[in-house]
Amino acid sequence: AVVSTQSTGCGHCILTTGTHHTHQVDPLRQVQEELEVKVSAQSARLVDMNYQLMERIDRVKQVSRSARAESTARKSEGDAQYREVVGMLHRDRHKSLAHLMEVLRRWQDAIDELLVSTTAEEGCDSVQVIRSKEEFLERSERVMESIEKEDGDEMTLNLFEERLKSDFMKCLNVYPPFIEVGQKIYDFLHHFEQQNVVSSEPIDYYSDITFKLLIHCGAKTRFAVSCTSIHSHHREFLGQVTIVNQFGNEERNKAISVLVRTVADSTESFPFRDATFSYNQLVDFGFLKPSVNVLVVRFAVRPLTYQVLSRVQEDHINRIERQSSA
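Under our numbering, the residue at position 129 of the sequence shown is numbered 811, and the numbers go up by one with no gaps.
As structure tokens, then:
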């Protein structure tokens, strides 16, 4: 083809007739200007996508730091079985986050390469510039389609964060769930002055083992778990009391745990360590509003492991069978 800066022409028509027949001919300047508009719009989309990738990379870093901190905290809790599960989930999360970061970086590199290519047209003639812009549009469209497809298939960070939360729930599922009751102690100042012992609603396991939270009101208000068992076997449970912040700040709640070991045919009391408060401390920590004069606590109990839960169920079944055969 014969090319000028004004128009394009096919060699056959020019040599034979000097004019074009059945051809649509656009001036090169017009073609170049139309491509400029398309390239500018596509470049803006790429820049916007690049910013989104940068934001997502920052979020991945935040999720990674959060996951690492929570895993470190959880590793300090529980027994060897619990720590092993936490470690396994942490390694799996780290691998998934690293893969996600690698994908995001790869997308960024592809976009950066495309944006740089739009500045490499100096010294080129009009046809080369046009071909360069057309190639840019084709490549950028492929890159964006690839990103949107892969992102839609599996790399949505919101879904990834939901998977992290699900993983943390797996940690909780290493142990049997808690059975919980709430307790509001009205007119607390009266109990405080009378040094009363207030008990929570009972938590029963198959009517064989009963737990109650005991709140010893007084100058040093303290908490304990009362446990009554009708079985001769020792079974270990975990008792937990949560003293609720009265100003709605859940982070200021005070949660304390104690190991409870059942004793045959008797009632035993197991005090919570670091759970002794003066009246002023209860007020200062936000656990008590003098104007409302109500102390709110949550009491929860669970078998120490699923093995213990299985033995408690076996004890109950054996007792029922003995009663049936008597």
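Cβ atoms here follow ideal geometry from the backbone N, Cα and C, with glycine treated the same way.
Legend entry - Member of S1007, P972, Q790 and S948 whose CA lies at the smallest distance from the CA of H913: For H913, the nearest C-alpha among the options comes from S948.
Inset, instruction - Tell me, to the nearest whole angstrom, how far the beta carbon of P858 is from that of Y988; I am working on the premise that it is less than 8 angstroms. - result: Going by Cβ atoms, the distance from P858 to Y988 rounds to 6 angstroms, so yes, they are a contact pair.
Inset, instruction - Please determine, among E950, E830 and S951, the residue with the shortest C-alpha to C-alpha distance to L728. - result: Cα-wise, what sits closest to L728 is E830.
Inset, instruction - Could you say if the stretch 991-1008 and the stretch 926-936 meet the contact criterion of at least three C-beta pairs nearer than 8 angstroms? - result: The stretch 991-1008, when compared against the stretch 926-936, does not touch it at the 8 angstroms Cβ threshold.
Inset, instruction - Could you tell me the distance, in whole angstroms, from the CA atom of N975 to the CA atom of V983? - result: N975 and V983: Cα-Cα distance of roughly 27 angstroms.
Legend entry - Host alpha helix (DSSP H) of V976 (start-end): Careful: V976 lies outside any alpha helix (DSSP H), inside the beta strand (DSSP E) at V976 to P985.
Inset, instruction - Output the boundary residues of the beta strand (DSSP E) element that contains I912. - result: Neither: I912 is in no beta strand (DSSP E) and is coded neither H nor E.
Inset, instruction - State the Cα-Cα distance for the pair R773 and E784, rounded to the nearest angstrom. - result: Each residue's alpha carbon lies about 17 angstroms from the other.
Inset, instruction - Reducing DSSP to helix, strand and coil, say where E836 ends up. - result: Annotation note: pLDDT 45 at E836 (below 50); position unreliable, no value reported.
Inset, instruction - Taking I897 as the reference, give the member of I891, L819, Q810 and Q922 with the closest Cα. - result: Minimum Cα-Cα distance from I897 among the listed residues I891, L819, Q810 and Q922 corresponds to Q922.
Legend entry - Distance, L735 Cα to R824 Cα: Distance between the alpha carbons of R824 and L735: 17 angstroms.
Inset, instruction - Flag V798 as yes when its Cβ comes closer than 7 angstroms to any non-hydrogen atom of the ligand PLP, and as no otherwise. - result: As far as ligands go, the structure on display features none, and thus does not contain the ligand PLP.
Inset, instruction - Kindly list the residues whose CB is nearer than 7 angstroms to the CB of L986, restricted to its own chain and excluding five residues on each side of it in sequence; keep chain order. - result: Closer than 7 angstroms at Cβ, skipping near neighbours: E918, F919 and L920.
Legend entry - Distance between L779 and F893 (C-alpha atoms, nearest Å): Distance from the CA atom of F893 to the CA atom of L779, rounded to whole angstroms, is 43 angstroms.
Inset, instruction - To the nearest angstrom, report how far apart Y868 and V856 are at their CA atoms. - result: In a straight line, the C-alpha of Y868 is about 36 angstroms away from that of V856.
Legend entry - Extent of the continuous alpha helix (DSSP H) to which L991 belongs: Here the alpha helix (DSSP H) through L991 covers Y988 to S1007.
Legend entry - Rounded Cβ spacing between F905 and F954 (contact assumed at less than 8 angstroms): Indeed they touch by this definition, with Cβ atoms about 5 angstroms apart.
Legend entry - 6 angstroms CB neighbourhood of V903 in its chain, flanking five on each side removed: Looking at the sequence itself, residue 903 is Thr, so the reference to Val does not match. Cβ contact annotation for T903 (same chain, cutoff 6 angstroms, sequence separation greater than five): F959, in chain order.
Legend entry - Distance, V926 Cα to K866 Cα: Roughly 10 angstroms between the two C-alpha positions.
Legend entry - Buried or exposed by the 16-neighbour rule on C-beta atoms within 10 Å, applied to K815: Buried is the label assigned to K815, since at least 16 other Cβ atoms lie within 10 Å of its Cβ.
Legend entry - C-alpha gap between H998 and T754, whole angstroms: For H998 and T754, the distance between alpha carbons rounds to 38 angstroms.
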